[in-house]
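Peer 1: In the numbering used here, the protein residues as written are 360 to 443. Let me give you the structure first, and then I'll get to my questions.
So, in structure tokens, the structure goes:
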């Protein structure tokens, strides 16, 4: 199981637009995301990801069976998805 902790770079955190981009990328890949100290949830569920309430600068941990998936999703979160 691959795991990586990243700091969320989106200016407004994981609100609707960044969460949609992230969950779309996570769909079908079996990835999980957890806010620091929280239980892992399905990274492909936009409602669950938004319910985490992750703000800019907070850390989350991404886990998946495939390290390439973890790296791909981590790269998204390390990018300000509000700026695109």
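Ideal Cβ placement from N, Cα and C applies to all residues, glycine included.
Taking DSSP as the reference, what is the three-state secondary structure of residue 384?
Peer 2: helix
Peer 1: For residue 423, list the residues DSSP reports as bridge partners.
Peer 2: DSSP output for residue 423 lists 361 as bridge partner(s).
Peer 1: Spatial neighbours of residue 362 within its chain, please: CB distance less than 8 Å, with the 5 preceding and 5 following residues excluded, ordered by chain position.
Peer 2: 420, 421, 422, 429
Peer 1: If you run the structure through DSSP and keep just helix, strand and coil, what is residue 375?
Peer 2: helix
Peer 1: So is residue 386 buried or exposed if we call it buried at 16+ other beta carbons inside 10 Å?
Peer 2: exposed
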